[in-house]
Ligand SMILES: [Zn+2]
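In this note's numbering, the protein residues as written are 452 to 611.
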């Protein structure tokens with residue numbers, strides 16, 4: 452799916468699953484590049500894809516490029532973020548949770564939060580609608596990576 456393409460309005464659950472597939476494609480692209488497999492995408496409420504991105508810490512040697520921040524930057528300037536949906540394969544870290552809160556992104560769809568819960572409870576407390584799809588493919592992708600590269604994962608979340 453490319454930017455400006457649109458997911459047809461069906462049920463919310465189906466829409467969120469299809470949005471997650473875009474983030475998953477990004478996560479897989481990151482893995483192929485040798486990076487941390489976390490992907491994200493930003494959609495308008497209408498279903499239009501605004502941007503997509505993935506973690507590039509390893510690829511670019513840049514610790515500020517998480518999946519969420521990559522998608523955020525690629526979306527360019529937006530007047531308001533209140534009608535946007537951020538989709539990410541893994542619950543966002545504090546850094547990315549701060550981004551969601553700062554720009555008042557209303558809806559956050561996460562692929563899973565068992566591996567890492569990040570700031571989702573805090574986001575819910577702050578009025579963000581958080582939808583956790585508990586997707587096993589997302590979980591297997593990141594858990595496989597963490598098992599192989601625990602030091603890079605810990606570096607990414609600031610736990611070293
Ligand atoms: Zn992050």
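The beta-carbon is built from N, C-alpha and C at its ideal position, and this holds for glycine as well.
Coarse secondary structure for residue i, derived from DSSP in three states
| i | result |
| --- | --- |
| residue 551 | helix |
| residue 542 | coil |
| residue 523 | helix |
| residue 606 | helix |
| residue 518 | helix |
| residue 580 | strand |
| residue 487 | coil |
| residue 493 | strand |
| residue 470 | helix |
C-beta contact flag for residue i and residue j at 9 angstroms
| i | j | result |
| --- | --- | --- |
| residue 504 | residue 524 | yes |
| residue 584 | residue 556 | no |
| residue 589 | residue 563 | yes |
| residue 468 | residue 500 | no |
| residue 484 | residue 509 | yes |
Residue environment, residue i, which counts as buried when at least 16 other CB atoms sit within 10 Å
| i | result |
| --- | --- |
| residue 548 | buried |
| residue 486 | buried |
| residue 514 | exposed |
Ligand 1 heavy atom lying under 8 angstroms from the CB of residue i
| i | result |
| --- | --- |
| residue 546 | yes |
| residue 558 | no |
| residue 504 | no |
| residue 517 | yes |
| residue 520 | yes |
| residue 488 | no |
| residue 569 | yes |
| residue 543 | yes |
Contact belief for residue i with residue j at Cβ below 8 angstroms, rounded distance in angstroms
| i | j | result |
| --- | --- | --- |
| residue 571 | residue 560 | About 11 angstroms separates the two Cβ atoms, so there is no contact after all. |
| residue 470 | residue 492 | 6 angstroms |
| residue 566 | residue 541 | 6 angstroms |
Closer than 8 angstroms: residue i CB and nearest ligand 2 heavy atom
| i | result |
| --- | --- |
| residue 540 | Because ligand 2 does not appear in the structure shown, any question about it cannot be addressed here, the ligands present being ligand 1. |
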